[in-house]
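In mature numbering (1 follows the signal peptide of the UniProt record, and there is no 0), the protein residues as written are -34 to -1, 1 to 772.
Just so it is clear, CB atoms sit at the ideal spot from N, CA and C, and this is done for glycine as well.
Note that the coordinates shown come from a computational prediction; the quantities given were computed from them, not determined experimentally.
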Amino acid sequence: MSGMKVKGCGAITRGLLLCGAMLPVSLIPTTASAQEAAAPATANTGASSNDIVVTATRKDTVLSRTPLSIVAKGQEELDAQGVRSIADIASITPGITFGQSATVYGTGQTTIAIRGVDSQSGIPTTGIYIDDTPVQTRVGVSPSLGNAYPQVFDLERVEVLRGPQGTLFGSGSVGGAVRFIMPGPNYNEPSLYSRAELASTKHGALSYEGGVAFGAPLVDDKVGMRVSAWYRRDGGYIDRLDPYTKQLVEKDSNERDSFSARATLGFRLGDNLTLTPSMYYQDVKIDDGDRFELATSDRDSGDLRLSLNHRPESHRDEFALPALKAELDLGGMLLISDTSYFHRTTETINDDTSLSFVFSGGLTEGPFPAGFEDYMPFTENFTKQTARTQELRLVDDNQSDRLNWIVGLFYQKSYVRDQYQANDPRLLDVLNLFQDAVGEPPFDSLTESFFGTELYQGQFSLFQRNEHRDKQYAAYGQVDYEVIDRLTLTAGLRYTIAKYDFVGFGAGPVYASDGQTDIADTTSKTLTPKFGIAFQADPDNLFYANASKGVRGPGVASPVGANCIEDAAAIGFDPFATLDVEPDSIWSYEIGSKNRLFDGKVAIDASAYRINWDDVQTLFALPQCTIQTSLNLGSAKIDGVDFALSVKPVNGLTLGGSVSYIDARYTTAIPGPNNTIIRKAGEPFPLVAPWTVQLNGEYVALVGDGEIYSRADFTYASSIDEPVDFDSPLVDPTLPRPPSTSQLDLRIGGRFSLTDDAEADVSVFVNNVTNSQPLLSLFHETPDSQFYRSGTFRPRTIGLTVSIRN
C-alpha cells in the first residue's frame, strides 16, 4: 500500500477509544491541540456610549454612574463599528474571549468566556440573555449545540456585564453575562429603522443583507407595536475539492444564511398596568463550515481549499422565543413578571472520511487509499432545547431615596435532548486496511477485532441519545443604602436550589457495547452573596469596589469502566460508579473607577480584579484510557486589568483605545497514572490571550445639513506562548501555541437628512484591510496525522452599507 503511513496497533486502539468518547463532547481542547479562534478583547468607549441607560442592576441607571464593570452599546454605535454577530461584539469588548471548536470550526459550536472564566463542562460560565430570558445551554452536551445568540439587528442595546452576576442573574453567569436588549413597542410616535449591505470578499462570493423594523402606536399612548425582519447571506470563501482528484467540486462552499423576525405589542391598561407580549424567531443555516486544509490551500495568494470531505457538511440552528412582560405600578414600587418559553432545534451533518481513515485505518497522510472513492462516513447530530422561565421581582421605584432595594423569585425548567449517530457501514473494511499494511490477516467481523461488537443497527459505529433535565428555584434580594452623602453600600444574596437529571444511552463498536443506559440525578443548594461600596465623588467621577460570588449548578459523570482503573486510582475516583459533579464556585474581588474629565472630553473606565475559582468542573480525556469524563479538579486564580480611554482633542475627532490583561492559572496539580502529572500547579489556561488591545478613531465634519465621517478600528490579541508541559498526556506537542492576531477595519461615509425626522447613513468599508489570516483552531485527528485543518479571519472584504432611521 504505497503512499500510506500507519501507526502501531496500540495507538489505533487508543485513538478509537478517544474518538468514540470525544465525539459527543468533541469541543474539549487539550492544552495545545485545539486552539480556539479567540477574538481580541477590546472596546470603544466613545461619547456615544457615555450616557447610555442600562439595566444591569435590574433598574434604569446611567452607565457612567453604575458601580459595575459594564460595556454597553446601542444600535447606532454597533452599526458604526460594523457589528453583525456575537463574534464582533466580543472583538470590541474588553475581557471577552470568543472562539470556535477546532473539530467543527464554523458549524455552530462556539465558546465564550468573560475574564478567562471558561469551562467545557456543565452549566455555562457566561449567561446569555434576550431581554430578561436566559437562553444559554449546558456545555459539553453535543458537538453541534453551543449557545444561541441573536443576530445584531434592531437592538436597543447590548450590555456586557463582567464578573459574577449570581445575585441578580443566577448560576449561569459566574464569569459574567451578555444581554441583548430589544426595543419596546412605540406608544406615541412611529419610528423606522432599515439597513442594507452589499460586500465582496477576496477570492470569495458576495455577501448581502437587508432588514427593516417599524414601530407605531395603534391607539395613542395606549396600544403600541413594533415589528422587524432581517436576512443576511455571508458568502463563502473556501473551495471544496474532490478528495481523490483534487478537482473543484464547489466554489465558495462555506456560505451562511441568517434570518430573524420579531414582533411585540404593548398594552397600557389604565394608569398602573402594562402588558408586553413578544415573539422572536431566528433561523441560521451554515454550509461546510469555515475550516480549510493546509496542504491544498495557498494562504499567500488567499486561495483556501478543503479536500478531506467526501460530502458537503451542514448545520442548522432554529429557535423561537415567545415572552410576556407584565409591569404593575404599586406606587413607589414596581412589580414585574417575565414569562417565556424558549424552543430550539439544531441539526448537524459532518463528514468523517479522514477521521475514520486515521483512527480506524491507521492512515497518517495522503493520498486516501484506492477502492474507497465512494466511501462517505458521516455523523448526524440532532438536538432539542427547551426552557420555561418565570421570574417575579419587586423593585423599589423611589430613586431619590437613600434606600433602594429589589427582591425576586426565579424558576426555570430546561430540557436538552441530544442524539448523535456515526454512520460508518464500511468500518470493517477500513480496519482491514491497517491489518494489511502491517502484514496481519484481515478480521472477518468487528466482533473479532478489539471492538468486540458489531455495528449498532447494522450501520452506526457509535450511537448515543442523552437527555438532560434541569430545574432551578431561586429567591434573591439586593439593597443599596446611601449611608452618607455620595457613599453607597450594597449587599445582596441569592438562594438557589438546582436539580439535575440525566438519562443516557450509548451503543456501537466505539462504546464496545450493544447498548447501555445510564441514569443519574443530583441536587444542590447554594448561596451567592454580593457586597459593594461606591463613592460618587462628583457627577463625573465614580469609584467603587465589589466582592461577589458565583456558583454553577451540579452535574453527573457516567462510569468510565475497567479500561480506566489506573487513571481513576491516580486521580482518586471510582471508575465503576456514576459520579456527582459538585457545584464549583467563584469569588471575584474588583476595584474600579469611571471618570469624565475636562467637560467630558476625556473618559476613563478602569478596573482591576482577582478571581478565585474552587472545585473547577473539568471535562477532559483520561490519559491512559482516553475516555472523556467530568470531574471537580482543583482550583484556579485569575488576575486582570481592564482599561479604556476616550479622548476628544478637537471638535469632531474622537480617539479611543482599550487594553485588557488576564493572567489565568491553575493552582492545583492533578496527578496521573504511573507517577505522571496531568496538569501542573501554575500552568496557564490554554486559550486565554494575556494581552488584548483595541485602538479606534473617528472624525466627523459638518457639510451643509449633513456630515461626513471616517473611522478606523484596530484589534490585537497577543500570542499564547507561555511554555506548557509537553510531558503532559493532555498536550499535543506537534501543534504550535496559538499565535498573535491583529485586524484593521476602515469605514468612510456620510449622514444626511431625508425628511425632518429621517436620516440616511451611507458608508463604504474595508474589513481586514491587511488580509490577515492567522491559523485559528489548528486541528488534526492525532499527533501523527498530517491532515491539518484550520480556521482564520474572513479575508479582506469591501462593501457598502446604507441605513435609514428616524
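Does residue i come out as helix, strand or coil in the three-state DSSP assignment?
i	result
I537	helix
I55	helix
N772	coil
F753	coil
G132	helix
L412	helix
V568	strand
R760	coil
R234	strand
R368	coil
D45	helix
T32	coil
V476	helix
D97	coil
P652	coil
T319	helix
P243	strand
N275	coil
N617	coil
P639	helix
V19	strand
V469	strand
V697	coil
F64	strand
V373	strand
V324	helix
D722	coil
N152	strand
G299	Reading off the sequence, residue 299 comes out as Met, not Gly. Three-state DSSP puts M299 in a strand.
R354	strand
Here's the rule I'm using: 16 or more other beta-carbon atoms within 10 Å means buried, otherwise exposed. How should residue i be labelled?
i	result
P505	exposed
L239	exposed
L274	buried
E331	exposed
E42	exposed
P100	buried
G296	Looking at the sequence provided, one finds Leu at residue 296 rather than Gly. So L296 ends up on the exposed side.
E31	The residue asked about is misnamed: residue 31 is Arg in this sequence, not Glu. It counts as exposed.
T211	exposed
L421	buried
T584	buried
L563	exposed
W579	buried
D208	exposed
Q351	buried
I58	buried
S719	exposed
Which whole-angstrom value describes the C-beta separation of residue i and residue j, a residue pair presumed to lie in contact below a C-beta threshold of 8 Å?
i	j	result
S366	T763	Actually they do not touch by this definition, with Cβ atoms about 50 Å apart.
F258	L241	That belief does not hold up - the Cβ atoms of F258 and L241 are roughly 50 Å apart, past 8 Å.
K437	K496	Going by Cβ atoms, the distance from K437 to K496 rounds to 24 Å, so no, they are not a contact pair.
T305	Q356	5 Å
A630	V654	5 Å
Y510	P33	4 Å
T77	G141	Their Cβ separation, rounded to whole angstroms, is 11 Å, which puts T77 and G141 out of contact at 8 Å.
R677	R713	5 Å
I36	A22	5 Å
Y442	T721	That belief does not hold up - the Cβ atoms of Y442 and T721 are roughly 47 Å apart, past 8 Å.
On the DSSP bridge list, what partners appear for residue i?
i	result
R123	G40, I147
N347	T314, Y386
R713	R677, F731
residue 777	Examination of residue 777 is not possible in this model, given that the chain is present from -34 through 772 alone.
K25	Beta-bridge pairing links K25 to no other residue.
V118	In the DSSP output, where bridge partners are listed per residue, V118 has none listed.
L287	Y246
A683	T658, T707
Return yes when the C-beta of residue i is under 6 Å from any heavy atom of the ligand FAD, and no when it is not.
i	result
Q583	This structure does not include the ligand FAD; it has no bound ligands of any sort.
Report task. Entirely within the stretch 154 to 224 and at least 3 residues each: give me those beta strand (DSSP E) ranges in chain order. Result -> 157 to 167, 172 to 185, 189 to 200, 204 to 207, 214 to 216
Requested in this report: Return the chain-ordered ranges of every beta strand (DSSP E) run that is complete within the stretch 478 to 552 and spans a minimum of 3 residues.
Outcome: 479 to 504, 507 to 517, 521 to 523, 545 to 547
Report task. Pick out the complete beta strand (DSSP E) segments inside the stretch 377 to 460, 3 residues or longer, and give them in chain order. Result -> 426 to 450
Report task. Could you pull out every unbroken beta strand (DSSP E) segment of at least 3 residues lying fully inside the stretch 557 to 610, listed in chain order? Result -> DSSP runs (the beta strand (DSSP E)) wholly in the stretch 557 to 610: 568 to 580, 583 to 587, 594 to 598.
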